[in-house]
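Peer 1:
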């Protein structure tokens, strides 16, 4: 499974999401869209132009790509179980 978290340096919900993932020992790659224009463009491509953070892209082991807008713990748990 591959997880990408798009976040900003000042977003409290991004911190909550990362703390949650870290607490469950889930590996992820963080991309800071407020510091990296390439990450911002990548997020826009994956989200259909949406710029709200946190935004996650989860590629499951069977290759399915899921997205999560905001810190939606229920949806995250459903995808990564």
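Residue numbers (the working numbering): -10 to 70.
Don't be surprised by glycine CBs; every beta carbon is placed ideally from N, CA and C.
#1: According to DSSP, is residue -5 helix, strand or coil?
#2: Please list, in chain order, all residues of the same chain as residue 36 whose beta carbon is under 7 angstroms from its beta carbon, the five residues on each side excluded.
#3: Please list, in chain order, all residues of the same chain as residue 10 whose beta carbon is under 6 angstroms from its beta carbon, the five residues on each side excluded.
#4: Would you list the one or two residues that DSSP bridges to residue 7?
#5: What do you get for residue 58, buried or exposed, if any count of 16 or more other CB atoms within 10 angstroms of its CB means buried?
#6: Ends of the beta strand (DSSP E) at residue 56?
#7: With distance defined between alpha-carbon atoms, name the residue in -6, 69, 40, 41 nearest to residue 49.
Peer 2: Put simply:
#1: Against the chain shown, residue -5 aligns to sequence position 6. Residue -5 falls in the strand class under three-state DSSP.
#2: Within the chain shown, numbered from 1, the residue matching residue 36 stands at position 47. Around residue 36: 44, 56.
#3: Within the chain shown, residue 10 is the residue found at index 21, counting from 1. So the qualifying residues of the chain are 17.
#4: Your numbering for residue 7 matches position 18 in the chain shown. In the DSSP output, where bridge partners are listed per residue, residue 7 has none listed.
#5: As a working note, residue 58 is residue 69 in the chain shown. So residue 58 ends up on the exposed side.
#6: Looking up residue 56 in the chain shown gives position 67. Unbroken beta strand (DSSP E) run through residue 56: 54 to 58.
#7: Numbered from 1 along the chain shown, position 60 holds the residue referred to as residue 49. Checking every option, the nearest Cα to that of residue 49 belongs to 69.
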